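Enquirer:
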Amino acid sequence: YQVLCVTGQVRVSNAQSNVVLNPKQQAVSDGKGLAKLDIETMDEHLAWVKNKFVFNGVSVTEVVAELELQYDVKITIQNNAIAEMKYSGNFPMSIPIDNTLEIISQGLGISFAKSADGVYVLSN
């Protein structure tokens, strides 16, 4: 699990340890203990509250993982060159997956298609 402190202080505990978080800090449990991390920008971490996707210089692999989770779809990346591309952008979660992939594809200069079995494919 992850806990993010926006304002005030938050104490996070598990069986192994506890930490006190201040604003712009996050606790992450790895099942063995808690790691305390400083957060540079809150936008990405709080985007879900505003029903938005916010990506800042992340790999297409990371973008695809988030889209698959949020839209409950399967997306295949045709090659490693695309998978390793970095993407930055933000848009509402409420738009359909086809529109979302169109926005991302245009920004990266790639294309996407939906196969007969419903899998989306990102390609050059």
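Numbering follows the numbering used here, in which position 43 of the sequence shown is assigned residue number 77; successive positions increment by one, without gaps. Glycine included, each C-beta is placed from N, C-alpha and C at the ideal position. Given the structure is predicted, the values throughout are model-derived calculations rather than measurements.
On a Cα-Cα basis, can you pick out the residue from Asn-56, Lys-66 and Ile-138 that is closest to Asp-72?
Expert: The residue with the shortest Cα to Cα distance from Asp-72 is Asn-56.
Enquirer: List in chain order: all unbroken beta strand (DSSP E) runs of 3+ residues lying wholly within the region 64-113.
Expert: 68-72, 86-93 and 109-111
Enquirer: Can you tell which of Val-54, Asp-64, Gly-42 and Gln-50 has its C-alpha closest to the C-alpha of Tyr-35?
Expert: Asp-64
Enquirer: Do you know how far the Cα of Tyr-154 is from the Cα of Tyr-90?
Expert: Looking at the sequence provided, one finds Asn at residue 90 rather than Tyr. So the alpha carbons of these two residues sit roughly 23 Å apart.
Enquirer: Tell me Asn-124's beta-bridge partners as DSSP assigns them.
Expert: Val-88
Enquirer: Rounded to the nearest angstrom, what separates Ser-145 and Ser-47 at their Cα positions?
Expert: 46 Å
Enquirer: Measuring straight from C-alpha to C-alpha, what distance separates Tyr-105 and Ala-49?
Expert: 34 Å
Enquirer: If distances are taken between C-alpha atoms only, which option among Glu-100, Lys-120, Leu-38 and Ser-128 comes closest to Gly-143?
Expert: Lys-120
Enquirer: With a Cβ-Cβ cutoff of 8 Å, do Gln-112 and Ser-157 count as a contact?
Expert: yes
Enquirer: With DSSP collapsed to three states, give me the class of Asn-52.
Expert: strand
Enquirer: Look up Ser-139 in the DSSP assignment and say whether it is helix, strand or coil.
Expert: helix
Enquirer: Determine the extent of the beta strand (DSSP E) in which Ser-157 is found, giving its start and end residues.
Expert: 154-157 is the span of the beta strand (DSSP E), which, as asked, contains Ser-157.
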